[in-house]
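Novice:
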Amino acid sequence: MALAAPVVTSFEWTIDAARELIRLRRENHDDFEFVPNNRHERIWRTIFNQLFLNRGFAASPSQCRRKWYSLKYG
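As structure tokens, then:
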């Protein structure tokens, strides 16, 4: 049985968590480019699961998406 990521209400981004988000977003870049926007939520959920399972960072998919756009656009 796979370990499920927790439900997240708040998450404070550390530099390590932000760097891991950037790395994972880069790894999934082609997925974002070649699927319709309405399917991006699935990709953010994958990134969320990887953040949690690999590093223990518990940011929700929407928190990951918001942080990415915050980093990208300032």
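Residues in the sequence shown are numbered consecutively from 1, following UniProt numbering.
Every residue gets a Cβ at the ideal spot worked out from N, C-alpha and C, and that includes glycine.
Quick caveat, the model's predicted, so the values are computed rather than measured.
#1: Report buried or exposed for isoleucine 43, applying the criterion of at least 16 other Cβ atoms within 10 angstroms of its Cβ.
#2: Pick out whichever of Phe52, Arg55, Ala59 and Arg45 has its Cα sitting closest to the Cα of aspartate 31.
#3: CB leucine 24 to CB glutamine 50, shorter than 7 Å?
#4: Using only alpha-carbon positions, find the residue among Asp16, Ile47, Ile15 and Ala58 that is nearest to arginine 26.
#5: Alpha carbon to alpha carbon, what distance is there between isoleucine 22 and lysine 67?
#6: Going by alpha carbons, who is nearest to arginine 65 out of His40, Gly56, Glu12 and Asn54?
Specialist: Reading from the atomic positions:
#1: Buried.
#2: Selected option, being the one with the closest Cα: Arg45.
#3: Yes, Cβ-Cβ distance for leucine 24 and glutamine 50 is below 7 Å.
#4: Cα-wise, what sits closest to arginine 26 is Ile47.
#5: One C-alpha to the other measures close to 10 Å.
#6: Closest option to arginine 65, Cα to Cα, is His40.
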